[in-house]
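Chemist: Chains A and B, in that order, are what the protein sequence lines are.
Position one of the first sequence corresponds to residue 207 (my numbering), numbered consecutively onward.
Position one of the second sequence corresponds to residue 6 (my numbering), numbered consecutively onward.
The structure under discussion is supplied below as structure tokens; questions concerning it will follow.
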Amino acid sequence: MTAIQTKSVFSVSERGYYGQFGGAYIPEMLYPNVEELRQNYLTITASAEFQAAYEDLLRDYVGRPTPLYLAQRLSEKYNTTIYLKREDLCHTGAHKVNNTVGQILLAKRLNKHKIVAETGAGQHGVATATVCALMGMECIIYMGEIDIKRQAPNVARMKMLGAEVRPAMSGSKTLKDATNEAMRHWINHPTNTHYIIGSVVGPHPYPDMVARFQSVISEEIKKQLLAKTGTELPDYVIACVGGGSNAAGAFYHFLDDLSVKLIAAEAGGHGVLSGLSAATTFLGKPGVLHGSRSILMQTEDGQVVEPHSISAGLDYPGIGPLHAHLWDAGRAEFYAITDDEALVSAMELSKLEGIIPALETAHALSVLPYLKAAPNETIVINLSGRGDKDLETYMKHL
Amino acid sequence: MNRIVELFQKQPERNLNVYFTAGFPNLADTRLILRVLQEAGADLVEIGMPYSDPVADGETIQDSNQQALAAGMSVKLLFEQLRGMRPAIKLPVLLMGYINPVMQFGIENFCKSCQEVGIDGLILPDMPFDVYVEDYKAIFDRYGLLNIFLITPQTSEARIRQIDERSDGFIYMVSSASVTGSQTGVTHDMEAYFARVNAMPLRNPRLIGFGIKDRATFNQACQHASGAIIGSAFIRVLAESQDLEKDITSFVQNIK
Numbered sequence: 207m208t209a210i211q212t213k214s215v216f217s218v219s220e221r222g223y224y225g226q227f228g229g230a231y232i233p234e235m236l237y238p239n240v241e242e243l244r245q246n247y248l249t250i251t252a253s254a255e256f257q258a259a260y261e262d263l264l265r266d267y268v269g270r271p272t273p274l275y276l277a278q279r280l281s282e283k284y285n286t287t288i289y290l291k292r293e294d295l296c297h298t299g300a301h302k303v304n305n306t307v308g309q310i311l312l313a314k315r316l317n318k319h320k321i322v323a324e325t326g327a328g329q330h331g332v333a334t335a336t337v338c339a340l341m342g343m344e345c346i347i348y349m350g351e352i353d354i355k356r357q358a359p360n361v362a363r364m365k366m367l368g369a370e371v372r373p374a375m376s377g378s379k380t381l382k383d384a385t386n387e388a389m390r391h392w393i394n395h396p397t398n399t400h401y402i403i404g405s406v407v408g409p410h411p412y413p414d415m416v417a418r419f420q421s422v423i424s425e426e427i428k429k430q431l432l433a434k435t436g437t438e439l440p441d442y443v444i445a446c447v448g449g450g451s452n453a454a455g456a457f458y459h460f461l462d463d464l465s466v467k468l469i470a471a472e473a474g475g476h477g478v479l480s481g482l483s484a485a486t487t488f489l490g491k492p493g494v495l496h497g498s499r500s501i502l503m504q505t506e507d508g509q510v511v512e513p514h515s516i517s518a519g520l521d522y523p524g525i526g527p528l529h530a531h532l533w534d535a536g537r538a539e540f541y542a543i544t545d546d547e548a549l550v551s552a553m554e555l556s557k558l559e560g561i562i563p564a565l566e567t568a569h570a571l572s573v574l575p576y577l578k579a580a581p582n583e584t585i586v587i588n589l590s591g592r593g594d595k596d597l598e599t600y601m602k603h604l
Numbered sequence: 006m007n008r009i010v011e012l013f014q015k016q017p018e019r020n021l022n023v024y025f026t027a028g029f030p031n032l033a034d035t036r037l038i039l040r041v042l043q044e045a046g047a048d049l050v051e052i053g054m055p056y057s058d059p060v061a062d063g064e065t066i067q068d069s070n071q072q073a074l075a076a077g078m079s080v081k082l083l084f085e086q087l088r089g090m091r092p093a094i095k096l097p098v099l100l101m102g103y104i105n106p107v108m109q110f111g112i113e114n115f116c117k118s119c120q121e122v123g124i125d126g127l128i129l130p131d132m133p134f135d136v137y138v139e140d141y142k143a144i145f146d147r148y149g150l151l152n153i154f155l156i157t158p159q160t161s162e163a164r165i166r167q168i169d170e171r172s173d174g175f176i177y178m179v180s181s182a183s184v185t186g187s188q189t190g191v192t193h194d195m196e197a198y199f200a201r202v203n204a205m206p207l208r209n210p211r212l213i214g215f216g217i218k219d220r221a222t223f224n225q226a227c228q229h230a231s232g233a234i235i236g237s238a239f240i241r242v243l244a245e246s247q248d249l250e251k252d253i254t255s256f257v258q259n260i261k
């Protein structure tokens with residue numbers, strides 16, 4: 207995380223907006239907690255003491271910096287130059303832990319003793335349960351009932367780490383509903399509890415705070431690319447987007463480098479027009495969900511549509527307000543990748559590079575056939591997580 | 006004069022505000038429930054606009070929202086159902102709901118429709134206060150709609166004063182830190198909070214909501230405010246009722 211941020215058109219405004227998106231659309235019951243966070247997050251995270259603690263944990267506990275790996279066989283296949291940012295090598299197996307380490311340190315400094323979180327694929331739940339174990343804090347994770355079934359290994363990991371996993375039984379029983387339940391829990395427990403949101407969603411300051419914690423990804427990419435190629439700027443940065451935390455981290459320090467094309471891979475599900483999709487920018491329009499104004503899949507009446515993706519982590523009907531702004535401003539290009547395309551890419555990376563990616567991450571890899579990049583162009587793909595949790599799904603398609 | 010303001014001028018005490026979800030238990034029950042509530046002696050009514058993701062609501066109201074949506078309730082249909090309710094319905098009527106369906110209907114269009122059918126006020130718990138003041142208040146005012154804000158035991162005195170200054174009608178005093186439908190009743194901690202708010206003093210009357218479910222809790226609330234709001238307990242009655250007219254009447258008459 208960078209202590210001093212230069213102000214860009216893509217930075218959050220004083221009132222918590224990215225262009226027309228963002229804000230804090232929350233019931234009064236959440237206001238004191240969110241306001242406490244808003245007033246303190248910048249001061250606390252900028253302090254030398256916090257920075258030192260955060261950097262120590264990222265290095266010695268998470269295992270940062272993660273490698274930037276030149277994927278030669280994948281590059282040959284697509285006749286271009288592809289680097290993989292190996293977030294899958296983070297402790298717990300995905301980028302999510304960058305954020306939970308930051309937020310747990312922040313929670314301690316706000317004198318919160320209990321943690322609540324939502325999870326989709328379970329990666330954020332595991333990353334939260336992990337840091338709660340590390341700090342000796344009580345941890346409650348809400349997870350959609352459907353996701354509990356399709357991500358069983360992560361449920362077991364959370365339990366082993368001492369967390370209580372509570373099923374979200376309402377609505378589509380996936381990430382959206384787990385988020386609703388976590389918010390209700392926070393309403394019912396307004397003191398002593400901190401809510402660790404896992405993505406760049408939620409009321410301000412969450413999108414900005416999570417993006418800052420994840421920005422270590424692009425900070426490292428720049429340094430590593432400079433060392434490897436003599437320039438810190440690639441031609442493309444590709445990442446998958448559910449809520450969009452790994453993409454926010456991978457894009458963050460490139461937002462003002464307009465020569466760098468930023469590419470977001472959304473979950474197309476069975477296809478954008480199939481009725482079973484989570485491709486928010488293709489199917490959504492401006493609306494409010496989970497405390498911020500963003501792009502949202504919804505009916506004409508403003509009811510949130512239940513999304514579909516093979517990947518639990520992308521199975522969300524919205525995107526973070528920063529991404530909505532990048533989409534609106536034309537700064538990032540969005541692709542809708544189908545379930546089948548993602549499966550093909552997961553198999554391909556496994557066989558070509560010996561790396562089994564998470565299903566979420568596989569969506570980012572699926573952009574490659576569309577890209578038509580030149581041999582001398584440099585592509586960085588954020589390899590946000592590893593695929594161990596998805597073996598059951600993969601085994602059905604071997 | 007706005008019916009809400011008029012009510013509190015004429016009757017500053019023991020006002021019973023009843024919440025129900027539009028389209029529940031049956032899609033076409035809205036007008037019947039309104040009429041019976043009035044005849045039974047309710048003083049104000051809040052009609053909930055169902056939403057897919059009601060984060061401030063507990064299970065009872067969540068379930069009623071889902072059932073109403075599944076039956077086909079929408080903002081548009083609700084306005085159609087309410088058209089012509091005046092003058093037979095004399096009570097102040099408020100619409101309560103989440104901001105997204107209102108935004109999709111269009112703020113101005115929504116307010117215009119409210120005025121046309123005779124709505125007096127709105128409760129939109131996830132509408133930020135600053136957005137209201139800067140963007141919406143002028144529109145609400147133009148159509149004679151009062152916006153009712155919530156305060157909780159955690160709301161600071163400064164914020165309560167801001168809300169009191171910028172709103173009219175009444176202030177919705179949430180009794181405890183919880184989603185709707187809590188079973189706590191009125192506790193000693195709550196009494197201290199009510200006393201603290203009463204001592205401020207404020208321009209607007211207060212109604213206490215969350216955890217009010219029967220005559221005893223209504224009477225307790227009335228000792229500390231101008232009345233109380235009952236939601237989940239009433240929804241439970243509607244959910245189990247075989248005879249709405251009879252059950253609504255006895256529920257209200259048992260409380261007042």
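Where a beta carbon is used, it is the ideal one built from N, C-alpha and C, also for glycine.
As the structure is a prediction and not an experimental result, all values here were calculated from the model.
(1) Does the beta carbon of N320 (chain A) sit closer than 8 Å to a beta carbon anywhere in chain B?
(2) In whole angstroms, give me the CA-to-CA distance for H514 (chain A) and A473 (chain A).
(3) So, helix, strand or coil for G400 (chain A), using DSSP?
(4) Just to confirm the assignment, what range does the beta strand (DSSP E) spanning T192 (chain B) have?
(5) Any idea which residues DSSP pairs K467 (chain A) with across the strands?
(6) How many whole angstroms separate the CB atoms of G186 (chain B) and I66 (chain B), which I take to be in contact at a CB cut-off of 8 Å?
(7) Measuring only the C-alpha atoms, how far is D135 (chain B) from E162 (chain B)?
(8) Starting from the C-beta of M6 (chain B), find all residues in its chain whose C-beta is less than 7 Å away, skip the five residues before and the five after it, and write them out in chain order.
(9) Does T269 (chain B) get closer than 8 Å to chain A when you measure Cβ to Cβ?
(10) Under the three-state reduction of DSSP, which class applies to Q211 (chain A): helix, strand or coil?
(11) Grab me the residues of G222 (chain A)'s own chain with a C-beta within less than 7 Å of its C-beta, minus the 5 sequence neighbours each way, in chain order.
(12) Which of helix, strand or coil does DSSP assign to F216 (chain A)?
(13) Please classify L597 (chain A) as buried or exposed, where buried requires at least 16 other C-beta atoms within 10 Å of its C-beta.
(14) So if I threshold CB-CB distances at 8 Å, which residues from the region 157 to 177 of chain B count as touching chain A?
(15) Pick from A:R356, A:T286, A:F216, A:A254: whose alpha carbon is nearest that of M601 (chain A)?
(16) Just the C-alpha distance for M207 (chain A) and T251 (chain A), rounded to the nearest angstrom, thanks.
(17) So, are the CB atoms of V447 (chain A) and A542 (chain A) less than 8 Å apart?
(18) Could you tell me which chain B residues have their CB closer than 8 Å to the CB of M503 (chain A), listed as they occur along the chain?
(19) Quick check: what's the CA-CA separation for G500 (chain A) versus A417 (chain A)?
(20) Kindly confirm or deny that the region 305 to 319 of chain A and the region 330 to 340 of chain A touch, where touching means at least three C-beta pairs closer than 8 Å.
(21) So is M364 (chain A) buried or exposed if we call it buried at 16+ other beta carbons inside 10 Å?
(22) Buried or exposed for H569 (chain A), please, with buried defined as at least 16 other CB atoms from any protein chain shown within 10 angstroms of its CB.
(23) What is the C-beta distance between A552 (chain A) and G593 (chain A), in whole angstroms, given that I count them as a contact (C-beta under 8 Å)?
(24) Between which two residues does the beta strand (DSSP E) carrying I165 (chain B) extend?
(25) I'd like to know whether the C-beta atoms of E51 (chain B) and Y24 (chain B) end up nearer to each other than 8 Å.
(26) So, at 7 Å on beta carbons, what are the nonlocal neighbours of N239 (chain A) in its own chain, with the 5 sequence-adjacent residues on each side left out?
(27) Would a C-beta distance cut-off of 8 Å place A456 (chain A) and I423 (chain A) closer than the cut-off?
(28) If contact is defined by three or more beta carbon pairs under 8 Å, each pair taking one atom from either stretch, is the region 518 to 528 of chain A in contact with the region 379 to 391 of chain A?
(29) Applying the 10 Å Cβ sphere with the 16-neighbour rule, what's the burial state of K302 (chain A)?
(30) Starting from M389 (chain A), trace the alpha helix (DSSP H) both ways and give me its first and last residue.
(31) Residues in the region 473 to 496 of chain A with C-beta within 9 Å of chain B's C-beta atoms, listed in sequence order?
(32) Taking the continuous alpha helix (DSSP H) assigned at K175 (chain A), which residues delimit it?
(33) To which residues of the same chain is E512 (chain A) closer than 6 Å at the C-beta, ignoring the five residues directly before and after it?
(34) Taking 6 Å as the limit between beta carbons, can you name the residues of its chain near L532 (chain A), skipping five residues before and five after?
Modeler: Based on what the coordinates show:
(1) One detail in the question is off: residue 320 (chain A) reads as Lys in this sequence, not Asn. Judged by the 8 Å Cβ criterion, K320 (chain A) is not in contact with chain B.
(2) About 8 Å.
(3) The identity of residue 400 (chain A) in the sequence shown is His, whereas the question assumes Gly. Strand.
(4) Counted as a single uninterrupted DSSP element, the stretch harbouring T192 (chain B) is not any beta strand (DSSP E), since DSSP gives it neither H nor E.
(5) As DSSP reads the structure, K467 (chain A) sits in a beta bridge with A:Y442.
(6) That pair is a contact at about 6 Å.
(7) Here the alpha carbon of D135 (chain B) sits roughly 17 Å from the alpha carbon of E162 (chain B).
(8) Result list for M6 (chain B): empty, nothing under 7 Å.
(9) This structure leaves residue 269 (chain B) out entirely; chain B is present only between 6 and 261.
(10) In this prediction, Q211 (chain A) scores a pLDDT of 49, lower than 50, which makes its location untrustworthy; the coordinate-derived value is nonetheless stated afterwards. Q211 (chain A): coil per DSSP, three-state reduction.
(11) Here G222 (chain A) has G228, G229, A230, H410, P411 as same chain residues with Cβ atoms under 7 Å from its own Cβ, once five neighbours each way along the sequence are excluded.
(12) In the three-state reduction of the DSSP assignment, F216 (chain A) falls in the coil class.
(13) Exposure of L597 (chain A) is indicated by the presence of fewer than 16 other C-beta atoms within 10 angstroms of its C-beta.
(14) Result list: T157, Q159, T160, S161, R164.
(15) Cα-wise, what sits closest to M601 (chain A) is A:R356.
(16) Model confidence at M207 (chain A) stands at a pLDDT of 46, short of 50, so the residue's coordinates are unreliable and nothing is read from them.
(17) No.
(18) Going along chain B, no residue has its Cβ under 8 Å from M503 (chain A), so there is no contact; the nearest lies around 11 Å.
(19) At residue 500 (chain A) the sequence reads Ser, which differs from the Gly that was named. Rounded to whole angstroms, S500 (chain A) to A417 (chain A) spans 16 Å at the Cα level.
(20) Segments in contact, yes.
(21) It counts as buried.
(22) With 16 or more neighbouring CB atoms inside 10 Å of its own CB, H569 (chain A) falls in the buried class.
(23) Correct: roughly 6 Å between the Cβ atoms.
(24) Run containing I165 (chain B): none in the beta strand (DSSP E); it sits in the alpha helix (DSSP H), 162 to 171.
(25) A contact, by the Cβ cut-off of 8 Å.
(26) Once the five neighbours on either side are set aside, the close Cβ partners of N239 (chain A) are W392, P396.
(27) The answer is yes: Cβ separation under 8 Å.
(28) Counting Cβ pairs under 8 Å, three or more are found: they touch.
(29) Residue burial annotation: K302 (chain A) is buried, with at least 16 other C-beta atoms found within 10 angstroms of its C-beta.
(30) Counted as a single uninterrupted DSSP element, the alpha helix (DSSP H) harbouring M389 (chain A) occupies residues 381 to 394.
(31) Answer set for the region 473 to 496 of chain A: K491, P492, G493, V494, L495, H496.
(32) Given a span of 207 to 604 for chain A in the structure shown, any question on residue 175 (chain A) remains unanswerable.
(33) For E512 (chain A), the CB contacts under 6 Å within the same chain, skipping 5 residues up- and downstream, are S378 in chain order.
(34) Once the five neighbours on either side are set aside, the close Cβ partners of L532 (chain A) are A538.
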